[in-house]
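Be aware that the sequence shown starts at 2, since it is given in our numbering, and climbs by one per residue.
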Amino acid sequence: MKAWHDECAVMGVWNDSEAAQMAYLGLYAQQHRGQESAGIVALSENGHVAHKGMGLVGDVFSEESLNHLQGLASIGHVRYSTTGESFVTNIQPLTARLFNGPVAIAHNGNIVNSISLRRQLIRDGAIFQGTNDTECVLHLLAKNPSDNLMACMKEVLPQLVGAFSMVVLSHDRLIAARDPYGFRPLVLGERPTKDGGTAFVVASESCAFDLIGAQLIREIEPGEIICISDKGLESSRFAESPRLAKCVFEHVYFARPDSFVFGESVYQSRQRMGEVLSQESGVEADMVIPVPDSGVPASIGYSRKSGIPFELGIIRNHYIGRTFIQPSQSIRSFGVKIKLNPQAHLIKGKRVVVVDDSLVRGTTSQKIIRLVRAAGAKEVHFRLASPPTTGPCFYGVDTPKKSQLIASKMSTEDIRKFIDADTLAYLSIEGMLKAVKGSVDEYCAACFDGKYPTGLFGLDESES
Ligand code: AMP
């Protein structure tokens, strides 16, 4: 069973007569975090009402389905899973009726001990509907003898190991919690409602707030649990942080550049990654070209620091999905051609620095370099605004198995030959941490340095 690759975003809204509409817009803004399924649960006068489906937010919801989601509070979720475990039963938010009423839950991140928790729960008589790790949380809540949901959550959450930024909606409160390591982001905001009140909002990324006119109040802290009800907002801790392990890949690639993640602007940290990269691995060239869109902010930084002019030398067709997540190798390579078009009139006869955020399998990069050479580039210098990806992520980013990560089996020189670049250079781990203004003991960089901050409960054995 492989349920730990989910990429997701969550959304929560409290005290807004358009709660479901706000969740819908918030999910729309966070679509980049998951394109496979979407769902919203609203708290109506008659209890929870849900609408969920496979596909993009814009396809799953219609005006009619949103009108059906009446109520003053809602939670929502988008999800992408790589593993074929994308049954309808796994679509979040998950809902259940517990001791004192309905509970809905939506979760971003992966709980690394979920398989052993699930085994134990099944042995104890639990009947699971899907294969997703979030369902364990519902069963653990159901087993807890306390009739106070907050007290229950505070006992259940410390049993989970790994990454979880979650929102829970009961009949009378919205709860938001973030794991003690703080792997995935989770932010709190507020917005004025059309009837003159104030709504609280929770999202994975702050870009969701921009769309709905909400103000970012702050991050939900690692190990913090927040309870929002008619009595207002209460914050407490359910666990101390053994250490922080904020996911550096959020800043490298995953988050939207217009978000503030872990208190820093993603756009600015990507620019700094490009600046540091140019200092570490400068080269003589005529222009800096980003791989759109993922390499754009880093290219701007690279160009600024090196003084080499920035050009949009490759134009992207925006009407196709991300090539990386196409199911088969043949479609993936074809996808690059439909998606990216080098501008021969700019590139011809030039020495170009091509900047991307990361190199994972190497297949996309190889195709891009081939296209740039075919457009007449004299030299192609490939620069990556992150270190070599050498290990899979077990905390909620979709990275391939270790054996498919090109840098886990080839030297930089062999990769250079494979992708056919004149030179190839990566950002150093120290350079990346400098760019995110962080240190190695507050960030998780396991995909780059192999240092996983938690035990892995055997997950690594099936992922080699
Ligand atoms: P490749 O050359 O095949 O390794 O592909 C590298 C491209 O994949 C880069 O442009 C990255 O932006 C992108 N990428 C890296 N990680 C991910 C991910 N988890 N999901 C989707 N795309 C990714």
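Idealized CB from N, CA, C, for every residue including glycine.
Under the three-state reduction of DSSP, Asp357 is assigned to strand.
As summarised for the segment 228-311, the continuous beta strand (DSSP E) elements at least 3 residues long and confined to that stretch are 233-238, 288-291, given in chain order. Under the 10 Å beta carbon count, Arg124 is surrounded by fewer than 16 other beta carbons and is classified as exposed.
One Cα belongs to Ser45, the other to Leu73, and the distance between them is close to 7 Å. For Leu360, the Cβ falls inside the 7 Å cut-off from some heavy atom of the ligand AMP.
Of the residues Tyr444, Gln272, Gly163, the one whose Cα lies closest to the Cα of Asp259 is Gln272. The three-state reading of DSSP puts Phe449 in helix, counting H, G and I together. For Lys403, the closest of Glu462, Gly40, Ala436 by C-alpha to C-alpha distance is Glu462. Arg98 sits exposed, since fewer than 16 C-beta atoms from the chains shown fall within 10 Å of its C-beta. For the options Leu217, Val353, Gly40, Pro310, the alpha carbon positioned closest to that of Arg192 is the one of Leu217.
Distance check between Cys137 and each of Ala152, Met151, Phe165, Asp148 places Phe165 closest, using alpha-carbon atoms only.
The nearest non-hydrogen atom of the ligand AMP is less than 7 Å from the C-beta of Val398. With a contact defined as Cβ atoms closer than 8 Å, Asn109 and Arg185 qualify at about 5 Å. With contacts defined by Cβ atoms closer than 8 Å, Ala375 and Lys349 do not form a contacting pair.
Relative to the non-hydrogen atoms of the ligand AMP, the Cβ of Gly283 never comes closer than 7 Å to any of them.
Judged by pairs of C-beta atoms under 8 Å, the segment 229-239 does not touch the segment 286-300, as fewer than three such pairs exist. Residue burial annotation: Thr90 is exposed, with fewer than 16 other C-beta atoms found within 10 angstroms of its C-beta.
Inter-segment contact for the segment 417-434 and the segment 272-283 is present: three or more beta-carbon pairs are separated by less than 8 Å. Between Val79 and Val58 the beta-carbon gap is near 6 Å, inside 8 Å, which marks them as a contact. Val11 is positioned such that its CB atom lies closer than 8 Å to that of Ala107. Gly459 and Tyr182 have their alpha carbons spaced roughly 20 Å apart.
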